[in-house]
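In our numbering, each residue's number is its place in the sequence shown (first place is 1) plus 166.
One structure below.
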Amino acid sequence: MTLRMTILGCGSSGGVPRIGGDWGVCDPQEPKNRRTRCSVLLEQWKGEAEPPQKERTMILVDTSPDLREQLLKTATKRLDALLFTHEHADQTHGIDDVRALAYRMGQRIPTYMDAHTKPHVVDRFSYLFEKPEGRVHPPILDLQPLLSDGETVRIDGPGGVIKAEFLSVSHGPTASGGFLFNDKIAYTPDVWGVSDKIVKKLSGVDAWVIDALRYNEHPTHAHADRAMKWIAGSAAKQGILTNLHIDMDYQTLCDELPGQHCAGFDGMQITA
């Protein structure tokens, strides 16, 4: 089996550059500094050679406001599941863009989230889950049983089962989550605190894609030093920093990070 994560977007809530053309310290001549908001695509298939999408299991994590362009770039045509880490706008406000995939497949997309996220997402976008009276368009998402910390869901598809374990983390005052896929690739895009239990659980993973908003401490996000301490504690084979603000230049950050660890970029692919 081949498992691949594509980082669709790795920018902070305003993206890079911010509206108004503000690049901060990021070099505008470096294409990897142009960042859309955070989402990732998981794909799994049998064997090593990449098959057509109809032979892959495909999972989308979060629906950034930039989702339409992100999924056009990956030529995504189908999904087996949609997972949410939390309810903030930069993770959810592209949710209507999965309509095209649901229509194309002719079925609702199984959708997973935790109890904290549900009232925000389902109330805000109720028409996607249940057809309102008098509305012509059908619902496109099928809400699954709510996730709890440490719970593993099995997403079945043409490329075999992908196991997704939900990891409860702190995002300042907001509850947030991450996922561990097939015990190989971890994804925690918005995090301020990670328990020792989770760091231990991620021991020796192939890759940990983790929030590192900026260099200085922040009340709701990990900064680079904190993220790297967690990565070192887990002995992850590769740490990849995401949710990057305008003061995190791609090349500068990569040059500063030890070993195989690096800054993420839009379109980056991690294979396990």
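Cβ atoms here follow ideal geometry from the backbone N, Cα and C, with glycine treated the same way.
Predicted model only: the values in this text are computed from it and were never measured.
- Residue state for T229 is assigned as coil, using DSSP reduced to three classes.
- Taking G359 as the centre and dropping the five residues before and after it, the same chain places the C-beta of V335, S336 closer than 7 Å to its C-beta, in chain order.
- As far as DSSP is concerned, G325 takes part in no beta bridge.
- The alpha carbon of R222 has as its nearest neighbour, out of D188, E235, M434, L208, the alpha carbon of L208.
- CA-CA distance, Q236 to G177, rounds to 13 Å.
- Taken in chain order, the whole alpha helix (DSSP H) runs of length 4 or more contained in the segment 260 to 347 are 265 to 271, 283 to 290.
- Per DSSP, the beta-bridge partners of W211 are T168.
- As a beta-bridge residue in DSSP terms, Y353 pairs with F345, V375.
- Annotated three-state conformation of V360 is coil, per DSSP.
- The alpha-carbon of K284 is positioned some 13 Å away from that of L248.
- For M224, the pairing in a beta bridge is given by DSSP as E209.
- In the structure shown, L237 adopts helical secondary structure according to DSSP, grouped into three states.
- DSSP lists D377 as the bridge partner or partners of T408.
- For the pair P197 and I436, the Cα-to-Cα distance works out to about 19 Å.
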